[in-house]
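The structure under discussion appears below in the form of structure tokens.
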DNA sequence: ACCTGAACACCGTTCAAGT
DNA sequence: ACCTGAACACCGTTCAAGT
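Protein chains in written order, with the numbering used here: chain A, 85 to 306; chain B, 85 to 306.
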């Protein structure tokens, strides 16, 4: 039966991890603190140690929660489309939690969905004709590529309001415009493109396209 | 003139940053602490605040120090070779300090060498025919690609002794071998390739090749 | 099984003061 | 200009104890 204080929901790994995810999304990973988490959950800091061995274990739990949300699509026969599908699935799962993205690579091999993703990637790369060594490296590169994109997401990457983003954008452009034009002509010419991304979806598409085109370029000729 | 206690070298941003780099390389970024740093430098924790506004500022200093070490080669006319040269220069500068690699992207635009690198990349990608928007994204992707490789360097990535690495390698392989073979056949087949890299240089070469091949695949036809 | 209480050894940082 | 001293508000974690 539930505890007396009906206000407090029962504690569990998932409840704690979900709350930690909310804090991380709203205020960044540094804001995720055993003590803060305990206060918000109406519990003593030590209570959390029943569910997580250490804070590191808790952070691993966050990464697992993100990986668990991955929905792998069905495989077709085309290796390029399959790679795209897996990367897109990862992007969809990770974009809501850009702060946690960096933790995912450490969990990829210790998580059911992570193993499924890796198996998928290895099979696909083997289909494309790669030997085990490059296939393994390219599979990991796909993961890192997605993590990198999500981490530097031009929109959601750093929980800010629209006004804050606007102010920062103006600051950045003013800064780039102030650079010596004889030394940094291209930088100045690209100032707008580097500071503003009209369509975030295109941002991710380009990253995935880049990876797939790279794999295609390196693939052994059939 | 030097202070009385000749044992203590004069404090400065560079002296502090170099010491912090040593600690980070040997024991990881978490070991870099204002108080620890002060003790090692024979000084009060508060002394460091004369040279760095905050700890964040100190960490930025570490990233700057890594970027300062980049030696850009001369440019040829071939855009692919130029891209390769810039990425290789970044790899050479960052590999000795894999723990700091993650901090570099935040400094790339606030550092002389970072700006030089970006200018180089943008000019090269413009030469290859890219419009400003994709050129800007691809330039950042090159940086992230290098950071990702250095961060997961199979050899130097996580300051361990040869014995520790060997033990971990055996553990990992035993773990992969214990997976259900009907569900993870490729993973098991790739176990050796995923856990051991015979030549770290090839690891980085493949990553750079992947990026360049990707750019080539996306480049507008001449 | 699940949680509390008190204590320990750390953090980064402010503020006033010394030289 | 450069550094010290004392204090504040935090951390993660251990260990023994409660229910």
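Positions of the beta carbon are idealized from the N, C-alpha and C atoms, including for glycine.
None of the values given here were measured: they were computed from a predicted structure.
is_contact[residue i, chain A] using C-beta, thresh 8 Å
i, result
"residue 216(B)", "yes"
"residue 128(B)", "no"
"residue 241(B)", "Unreliable placement is indicated for residue 241(B), whose pLDDT of 49 sits below 50; the coordinate value is still reported in the next sentence. Cβ-Cβ to chain A under 8 Å: no for residue 241(B)."
"residue 300(B)", "yes"
"residue 178(B)", "no"
"residue 253(B)", "no"
"residue 167(B)", "no"
"residue 261(B)", "no"
"residue 213(B)", "no"
"residue 125(B)", "no"
Residue i in three-state terms, based on DSSP
i, result
"residue 252(B)", "helix"
"residue 195(B)", "coil"
"residue 245(B)", "coil"
"residue 203(B)", "helix"
"residue 286(B)", "helix"
"residue 266(B)", "coil"
"residue 259(A)", "helix"
"residue 189(B)", "helix"
"residue 96(A)", "coil"
"residue 148(A)", "helix"
"residue 325(A)", "Chain A is shown only over 85 to 306; residue 325(A) falls outside these bounds and no answer can be derived."
"residue 156(A)", "coil"
"residue 225(B)", "helix"
"residue 172(A)", "helix"
"residue 26(B)", "Absent from the model: residue 26(B). The displayed extent of chain B is 85 to 306, so no value can be given."
"residue 239(B)", "coil"
"residue 179(A)", "coil"
"residue 161(A)", "coil"
Short CB-CB distance (under 8 Å) between residue i and chain B
i, result
"residue 173(A)", "no"
"residue 181(A)", "no"
"residue 236(A)", "yes"
"residue 291(A)", "yes"
"residue 288(A)", "no"
"residue 258(A)", "no"
"residue 228(A)", "yes"
"residue 121(A)", "no"
Below 9 Å between beta carbons is the criterion; list the residues of the stretch 89-118 of chain B that meet it against any residue of chain A, in chain order. Residues: none.
So if I threshold CB-CB distances at 7 Å, which residues from the stretch 130-164 of chain B count as touching chain A? Taking 7 Å as the Cβ-Cβ cut-off against chain A, none of the residues of the stretch 130-164 of chain B qualify.
Runs of alpha helix (DSSP H) wholly within the stretch 99-141 of chain A (minimum 4 residues, chain order): Restricting attention to alpha helix (DSSP H) runs no shorter than 4 residues, the stretch 99-141 of chain A encloses them at 118-124, 132-135, ordered along the chain.
Identify each residue in the stretch 184-207 of chain A for which the Cβ-Cβ distance to at least one residue of chain B is less than 9 Å, and report them in chain order. Residues are counted here when their Cβ sits less than 9 Å from a Cβ of chain B; for the stretch 184-207 of chain A these are 186, 189, 193, 194, 199, 200, 202, 203, 204, 205, 206, 207, given in chain order.
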